[in-house]
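Data first, discussion second: the structure below is written as structure tokens.
There are 2 protein chains.
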Amino acid sequence: MADVVVALGERSYPIFINTGIIDKPATYEQYIEGSKVFIVTNEVVAPLYLDLVTKALAAYEVHTKILSDGEQYKRIATAETIFDSLIEQRCDRKTTVLALGGGVVGDIAGFVAACYQRGVPYIQVPTTLLSQVDSSVGGKTAVNHPMGKNMIGVFYQPRCVVADTNTLDTLNDREFKAGMAEVIKYGYIRDIEFLGWLEANIDKLLSRDKDTLAYAIQHSCQIKADVVAQDERETGLRAILNLGHTFGHAIEAATGYTQWLHGEAIGAGMAMAADLSHRIGWLSTQDNDRVVRLLECAGLPVKPPGGISPERFLELMSIDKKVDSGNVRLVLLPQLGQAELIADYDIGLLNQTLRHFST
Amino acid sequence: MADVVVALGERSYPIFINTGIIDKPATYEQYIEGSKVFIVTNEVVAPLYLDLVTKALAAYEVHTKILSDGEQYKRIATAETIFDSLIEQRCDRKTTVLALGGGVVGDIAGFVAACYQRGVPYIQVPTTLLSQVDSSVGGKTAVNHPMGKNMIGVFYQPRCVVADTNTLDTLNDREFKAGMAEVIKYGYIRDIEFLGWLEANIDKLLSRDKDTLAYAIQHSCQIKADVVAQDERETGLRAILNLGHTFGHAIEAATGYTQWLHGEAIGAGMAMAADLSHRIGWLSTQDNDRVVRLLECAGLPVKPPGGISPERFLELMSIDKKVDSGNVRLVLLPQLGQAELIADYDIGLLNQTLRHFST
Numbered sequence: 001m002a003d004v005v006v007a008l009g010e011r012s013y014p015i016f017i018n019t020g021i022i023d024k025p026a027t028y029e030q031y032i033e034g035s036k037v038f039i040v041t042n043e044v045v046a047p048l049y050l051d052l053v054t055k056a057l058a059a060y061e062v063h064t065k066i067l068s069d070g071e072q073y074k075r076i077a078t079a080e081t082i083f084d085s086l087i088e089q090r091c092d093r094k095t096t097v098l099a100l101g102g103g104v105v106g107d108i109a110g111f112v113a114a115c116y117q118r119g120v121p122y123i124q125v126p127t128t129l130l131s132q133v134d135s136s137v138g139g140k141t142a143v144n145h146p147m148g149k150n151m152i153g154v155f156y157q158p159r160c161v162v163a164d165t166n167t168l169d170t171l172n173d174r175e176f177k178a179g180m181a182e183v184i185k186y187g188y189i190r191d192i193e194f195l196g197w198l199e200a201n202i203d204k205l206l207s208r209d210k211d212t213l214a215y216a217i218q219h220s221c222q223i224k225a226d227v228v229a230q231d232e233r234e235t236g237l238r239a240i241l242n243l244g245h246t247f248g249h250a251i252e253a254a255t256g257y258t259q260w261l262h263g264e265a266i267g268a269g270m271a272m273a274a275d276l277s278h279r280i281g282w283l284s285t286q287d288n289d290r291v292v293r294l295l296e297c298a299g300l301p302v303k304p305p306g307g308i309s310p311e312r313f314l315e316l317m318s319i320d321k322k323v324d325s326g327n328v329r330l331v332l333l334p335q336l337g338q339a340e341l342i343a344d345y346d347i348g349l350l351n352q353t354l355r356h357f358s359t
Numbered sequence: 001m002a003d004v005v006v007a008l009g010e011r012s013y014p015i016f017i018n019t020g021i022i023d024k025p026a027t028y029e030q031y032i033e034g035s036k037v038f039i040v041t042n043e044v045v046a047p048l049y050l051d052l053v054t055k056a057l058a059a060y061e062v063h064t065k066i067l068s069d070g071e072q073y074k075r076i077a078t079a080e081t082i083f084d085s086l087i088e089q090r091c092d093r094k095t096t097v098l099a100l101g102g103g104v105v106g107d108i109a110g111f112v113a114a115c116y117q118r119g120v121p122y123i124q125v126p127t128t129l130l131s132q133v134d135s136s137v138g139g140k141t142a143v144n145h146p147m148g149k150n151m152i153g154v155f156y157q158p159r160c161v162v163a164d165t166n167t168l169d170t171l172n173d174r175e176f177k178a179g180m181a182e183v184i185k186y187g188y189i190r191d192i193e194f195l196g197w198l199e200a201n202i203d204k205l206l207s208r209d210k211d212t213l214a215y216a217i218q219h220s221c222q223i224k225a226d227v228v229a230q231d232e233r234e235t236g237l238r239a240i241l242n243l244g245h246t247f248g249h250a251i252e253a254a255t256g257y258t259q260w261l262h263g264e265a266i267g268a269g270m271a272m273a274a275d276l277s278h279r280i281g282w283l284s285t286q287d288n289d290r291v292v293r294l295l296e297c298a299g300l301p302v303k304p305p306g307g308i309s310p311e312r313f314l315e316l317m318s319i320d321k322k323v324d325s326g327n328v329r330l331v332l333l334p335q336l337g338q339a340e341l342i343a344d345y346d347i348g349l350l351n352q353t354l355r356h357f358s359t
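Just so you know, the protein sequences line up as chains A and B, in that order.
Sequential numbering from 1 applies to the first sequence in this note's numbering.
Sequential numbering from 1 applies to the second sequence in this note's numbering.
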């Protein structure tokens, strides 16, 4: 399979996408500077892949931190326990942090790597579909605040990303479908042709056909790498990657980061964004239906869980990194395959969308 | 007075050094992007200067967080309370964080600004001698870990530094002398002529003669700005600014960050570094004495507090950001006015220094 490069000058790095690379020493050696590697993983991933990776790193002194599984552990207190372990193990500035797991592990390990001794190298080894196509790429690191998702973090790029597609074999269906939300997103925001391809191949993808899946991952990473290369720190373009995320983050915060997987919240969030795009006169009814249909085919939620009032939605949406001078900016779809961050939409129409989805 | 520029390409910024600038709207307006300013200060500084600064910012929506005073509060838990307040006040990415106070306030506010929503603008308004000549300049932000000083942080540059030398009038003698440690440091590491000038003017400085003090601050900032411009992220040269800091940080950690001010620990640390520089054959007895004499004239400690064994020193020194592959690297003085980071010193001589100072 082809690799993808995230082109960021001296901070450029490769994304390796292939089968059977997670356990090969050659995968890592070029990207490890010192003699120590500190692996951050979780209780679900560790029994599956920790041994394989540790053996591949036999040439190094390896330490490991195993976190509890779940978005609710992506918080400062968890980061503190990793800092404690790094110091206990006398890890210095040349220690490479290796994130082995999904988006939660990658985001928190990246944040810790960025802040430990003002920055140590790190490697992303994503083991879920969502992290392979999205969260491991582009250097966004963060932990959540009870009031808002990813509110505390920094931009910090990894040395490389190692996406071994074999790891997807062990993913449960719910996690797998949640990952599809971010794959589908790339079609909506950037690539109408890819959207058509996804619609034609969604069943093959859900049955995890190797070649079909590999293409989807590679294509998703390529789109993300292109966007990130143009706007690393999200001063403009990069915001489009957040389609459905302002709605989705509100769902995650409202439910205490425990009920829904991130990708599930983004599924519902994209349906809400499409609905509003339709209400402001951008998407046709047919296009809006097309968005909803693909999400449904992928087994994703197309509306938020019950019990979140429009008022609560607005309150949580007002704590979003895209808020500008009190104004909630939203990524919407002028047409399928194209996204825009807008501030001057009709707030009455947003209220209509929120009411529509909270019934 | 002349201003100093920290030349870092698109991240360049000015240091304004003058009297009576802290309360002028014009000082800040060019460096504030959005409509909100979030001031971080502490319980000692707030009664003295918070009103003045707030009035200067009358054109903005100003929020304030007042921290407890002391190095022991420079920790993650304090940063968390600031994050909470930023979110409560609905501060967005264009909110400017303004650090009003000494090194502790500046370091922690800078860290919070770097991490809040992956980075918001910040302004340093240092009100102590130490922060005006050292910690507010160069973008090192951090909080302490119980085991090691500044272990958690990032490099993040402010938009500008506002050093109003009038604020030094309210500084108590102990704080003032602690600040002199970092001024004197620049002479030892980089400028033998400045060292001579400091020796000739130490009494005038301690009596806080305005012009003499202004020159010392401006010259100190210039040296720091030059070094930082050459090596922003401390891959080499910048380490020399850490003369005495590996010893000093060990003193601070050993005493729970409560007994000694940072500058006091650095005073003793520099005496220890000079002693070791002498033992390895770099500094002559006369030069070593010269180092100690100026520190004594400045009213600074020239040895650590009792009760820290050489073994405890070594343990704490092994948790230092300059440690490389388990090796404690130290900044020592080949001659006065010149410093070097070295790894291959004789560990037996380091033990001699530690024993000498722990009697």
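Yeah, the Cβ is synthetic: ideal placement off N, Cα and C, and Gly gets one too.
Across the structure, isoleucine 184/A and aspartate 23/B are spaced so that their CA atoms are roughly 53 Å apart. Interface with chain A (9 Å Cβ-Cβ cutoff): glutamine 117/B is included.
Aspartate 92/A has its alpha-carbon roughly 42 Å from the corresponding atom of valine 328/A. Chain order gives the chain B residues near histidine 145/A as Phe83 and Ile87, where near means a beta carbon separation below 7 Å. For the pair arginine 290/A and leucine 129/A, the Cα-to-Cα distance works out to about 23 Å. Counting other Cβ atoms within 10 Å of its Cβ, arginine 279/B reaches 16 or more and is therefore classed as buried. Cα atoms of asparagine 150/B and valine 4/A: separation of roughly 36 Å, rounded to the nearest angstrom. Chain A has no Cβ within less than 9 Å of the Cβ of serine 12/B. Measuring C-alpha to C-alpha distances from valine 97/B to each of Leu349/B, Asp209/B, Leu316/B and Glu61/B identifies Glu61/B as the nearest.
Per DSSP, the unbroken beta strand (DSSP E) holding aspartate 164/B starts and ends at 160 to 164. Glycine 153/A reaches chain B at Cys115 and Arg118, counting residues in chain order whose Cβ is nearer than 7 Å. Around the Cβ of isoleucine 152/B, a 10 Å sphere holds 16 or more other Cβ atoms; the residue is buried. Residue environment for lysine 210/A: exposed (fewer than 16 other C-beta atoms within 10 angstroms of its C-beta). Taking histidine 249/B as reference, the option from Gly269/B, Leu241/B, Glu232/B and Arg238/B with the minimal CA-CA separation is Gly269/B. Excluding five sequence positions before and after proline 14/B, the CB atoms of its chain that fall closer than 6 Å to its own CB belong to Asp3, Val5 and Cys160, given in chain order. Contact check for glycine 306/A and alanine 273/A: beta-carbon distance about 20 Å, past the 8 Å limit, so the pair fails to qualify. Under the DSSP assignment, threonine 141/A falls in the beta strand (DSSP E) whose first and last residues are 140 to 145. At a cut-off of 9 Å between C-beta atoms, glutamate 80/A counts as an interface residue with respect to chain B.
Closest in alpha carbon position to isoleucine 82/A, among Tyr49/A, Gly101/A, Tyr116/A and Leu276/A, is Tyr116/A.
Residues of the segment 295 to 324 of chain B that bring their beta carbon within less than 7 Å of a beta carbon in chain A comprise Ser318, Ile319, Lys321, Val323 and Asp324, in sequence order. In this structure, the straight-line span from the alpha carbon of threonine 127/B to that of valine 227/A is close to 43 Å. Taken in chain order, the members of the segment 67 to 78 of chain A whose beta-carbon sits within less than 7 Å of a beta-carbon on chain B are Ile76. Scanning its chain for C-beta atoms nearer than 7 Å, with the 5 sequence neighbours on each side dropped, one finds around alanine 253/A the residues Met147, Gly148, Lys149 and Leu316, in chain order. Taking a cut-off of 8 Å on C-beta distances, the segment 174 to 194 of chain A does not touch the segment 32 to 40 of chain A, as fewer than three cross pairs fall below it.
Put simply, of Glu311/B, Ile266/B and Lys322/B the residue whose alpha carbon is nearest the alpha carbon of glutamate 296/B is Ile266/B. For glutamate 234/B, the nearest beta carbon of chain A is closer than 9 Å to its own beta carbon. Close CB contacts of alanine 181/B within its chain, under the 6 Å cut and outside five residues either way in sequence, are with Gly263, Ile266, Gly267 and Leu300 (chain order). Residue ranges of uninterrupted alpha helix (DSSP H) with 4 or more members, entirely inside the segment 192 to 264 of chain B and ordered along the chain, are 192 to 206, 210 to 230 and 245 to 254. Under the Cβ distance rule, alanine 142/B counts among the residues neighbouring chain A, one pair being separated by less than 9 Å.
Not a single CB atom of chain A sits nearer than 9 Å to the CB of asparagine 242/B. The segment 62 to 133 of chain A is shown to contain whole alpha helix (DSSP H) runs of 4 or more residues at 76 to 88 and 103 to 115, in chain order. Under the DSSP assignment, glycine 153/B falls in the beta strand (DSSP E) whose first and last residues are 148 to 155. Taking every protein chain shown into account, the CB of isoleucine 217/A has 16 or more other CB atoms within 10 angstroms, so this residue is buried. Rounded to the nearest whole angstrom, the CA to CA distance from leucine 213/B to isoleucine 240/B is 23 Å. If you compare the alpha carbons of Ser325/A, Gln230/A, Ile308/A and Leu336/A with that of aspartate 275/A, the shortest gap goes to Leu336/A.
Beta-bridge partners assigned by DSSP to threonine 41/A: Ile66/A.
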